[in-house]
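These notes concern the structure reproduced below.
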Amino acid sequence: MKEQLKKWIAVLFLVIPTSFMTACTNQFLVEDMVQEEESEQNPEEGLIVVGVSQVGSESIWRTAHTASIQETLTTENGYYLIFDNARQKQENQIKAIRNFISQDVDYIVLSPITETGWDTVLSEAKDAGIPVILMDRMVDIEDDSLYTAWIGSDFEEEGKNAGYWLEEYLEKKEMTEEDINIVVLQGTEGSTSVIGRTRGFESVAKKNQNWHILEQVDADFTTAKGYEVMQYFLEEYEDIDVVVSQNDDMTFGALEAMEEAGISTGKDGDVIMISFDAVKAALEKVKDGEINVDIECNPLQGQYIDRIIRDMEKGKLEEKMFYTVERVFTPENVGLVIDDRTY
Ligand code: AHR
Numbered sequence: 028m029k030e031q032l033k034k035w036i037a038v039l040f041l042v043i044p045t046s047f048m049t050a051c052t053n054q055f056l057v058e059d060m061v062q063e064e065e066s067e068q069n070p071e072e073g074l075i076v077v078g079v080s081q082v083g084s085e086s087i088w089r090t091a092h093t094a095s096i097q098e099t100l101t102t103e104n105g106y107y108l109i110f111d112n113a114r115q116k117q118e119n120q121i122k123a124i125r126n127f128i129s130q131d132v133d134y135i136v137l138s139p140i141t142e143t144g145w146d147t148v149l150s151e152a153k154d155a156g157i158p159v160i161l162m163d164r165m166v167d168i169e170d171d172s173l174y175t176a177w178i179g180s181d182f183e184e185e186g187k188n189a190g191y192w193l194e195e196y197l198e199k200k201e202m203t204e205e206d207i208n209i210v211v212l213q214g215t216e217g218s219t220s221v222i223g224r225t226r227g228f229e230s231v232a233k234k235n236q237n238w239h240i241l242e243q244v245d246a247d248f249t250t251a252k253g254y255e256v257m258q259y260f261l262e263e264y265e266d267i268d269v270v271v272s273q274n275d276d277m278t279f280g281a282l283e284a285m286e287e288a289g290i291s292t293g294k295d296g297d298v299i300m301i302s303f304d305a306v307k308a309a310l311e312k313v314k315d316g317e318i319n320v321d322i323e324c325n326p327l328q329g330q331y332i333d334r335i336i337r338d339m340e341k342g343k344l345e346e347k348m349f350y351t352v353e354r355v356f357t358p359e360n361v362g363l364v365i366d367d368r369t370y
């Protein structure tokens, strides 16, 4: 009997703690699972879900553009943001949009790398009932109802402003009768910014018989390519009077190549330097006289996207196209903005 009692006690000691532990563990597991399921199922509960497809991170401008979107479409502001960086590839953007569609987001926001090639994927978004908002660049599509709104710059106006500034400058310097040789560093081929800036500048150049655009070469909006292409221009052409660089990053590369070749630029230099974007580091060079003029391109588009979405939520979006406000900076007026520039 004693022996049997001992056995029962031993069994109880073995069974009770393990079953107690199992019960506890099971309870924790169930609680964890419920919590996990809740957060997995509804991270976006009550929030507006927005899928954003960004071109890449090729320039200072682009970094500021991304920051503006990410700082605006926050949880505190009522958004659940799914952000995708396409690393300069249209195929990545198309893949991202298809992912957004399969996740059934509320809105798709797209900065299209080039203008063409969007009809199919934007039709898929429309069929899924997801509104598409375009930012920065435009698409060239058959059916304009494939996007609901667009926010960006008037790139053609930017190009014209570069031309108008050069006309005025040459007049002041009494150079209107001289032959003016111009080279152009262009950004990503097929992008709206390149198409618009080129068209705008060319339209002014055509009216000036003494302006000669020697060559326009794609330098992909990057400093490294700007440097390379400028080196090529310097090897190819002996007498360059003006460099038009379609963004500040390429300008930095071009300036480096010219400095290495012993060529000065800007206010009192050998070559007139025209740039686009007006990021802080370039505005410093405008102030120092190294860049003659910088045509602003405004990357702070997050607030516009927010306003568009809020209006759409209320069903009262009245316009489709929204243009950002932009200026032209020279050494004379750059002091007005330089300290407040955040990018
Ligand atoms: O589309 C806007 C252009 O894209 C900016 O000028 C350039 O810096 C950017 O990468």
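Going letter by letter, the sequence shown gives residues 28 to 370 in the working numbering.
Beta carbons: idealized from backbone N, C-alpha and C, even for Gly.
Rounded separation between residue i and residue j - CA only
i	j	result
Glu-345	Ile-299	43 angstroms
Val-77	Lys-153	15 angstroms
Tyr-106	Met-162	18 angstroms
Glu-311	Val-364	11 angstroms
Tyr-196	Val-269	12 angstroms
Asp-181	Tyr-350	7 angstroms
Glu-286	Thr-90	27 angstroms
Thr-249	Val-82	13 angstroms
Val-271	Thr-102	41 angstroms
Ser-302	Ile-96	25 angstroms
Pro-139	Asn-119	11 angstroms
Ile-318	Ser-172	42 angstroms
Gln-130	Thr-147	18 angstroms
Where residue i falls: helix, strand or coil (DSSP)
i	result
Asn-53	With a pLDDT of only 44 at Asn-53, under 50, the local geometry of the prediction cannot be trusted, and the value read off the model is given with reservation. It is helical.
Met-48	A caution first: Met-48 carries a pLDDT of 39, below 50, which makes its placement in the model too unreliable to give a value.
Gln-62	Low local confidence applies: a pLDDT of 47 at Gln-62 is under 50, so the model's placement there is unreliable, with the coordinate-based value given in what follows. It is helical.
Val-231	helix
Met-277	helix
Lys-29	With a pLDDT of only 41 at Lys-29, under 50, the local geometry of the prediction cannot be trusted, and the value read off the model is given with reservation. Helix at Lys-29.
Leu-100	coil
Tyr-259	helix
Ile-365	helix
Residues near residue i in its chain [Cβ-Cβ closer than 7 angstroms; skip 5 each side]
i	result
Glu-98	Gly-329
Pro-358	Lys-294, Val-313, Lys-314, Gly-316
Arg-226	Glu-183, Gly-186
Gly-144	Gln-117
Chain D within 8 angstroms of residue i, Cβ atoms only
i	result
Val-364	Considering every chain present, this structure includes no chain D. It has just one protein chain.
Contacts around residue i, its chain only, beta-carbon distance under 6 angstroms, and the 5 residues preceding and following it disregarded
i	result
Lys-20	The chain is shown from 28 up to 370; residue 20 falls before or after that span and cannot be answered.
Val-211	Gln-243, Val-271
field: Inside the segment 307-345 only - alpha helix (DSSP H) runs reaching at least 4 residues
entry: 307-314, 329-340
query: Counting pairs of Cβ atoms below 8 angstroms between the segment 106-118 and the segment 264-279, do you hit three or more?
result: These segments do not touch.
4 or more residues per run - each alpha helix (DSSP H) lying fully within the segment 122-175: 146-154
- prompt: Does the segment 226-246 come close enough to the segment 332-339 to have 3 or more Cβ pairs within less than 8 angstroms?
  reply: no
query: Counting Cβ pairs, one atom from each stretch, are 3 or more of them under 8 angstroms apart for the segment 257-269 and the segment 214-229?
result: Contact between the segment 257-269 and the segment 214-229 is absent, because fewer than three Cβ pairs lie under 8 angstroms.
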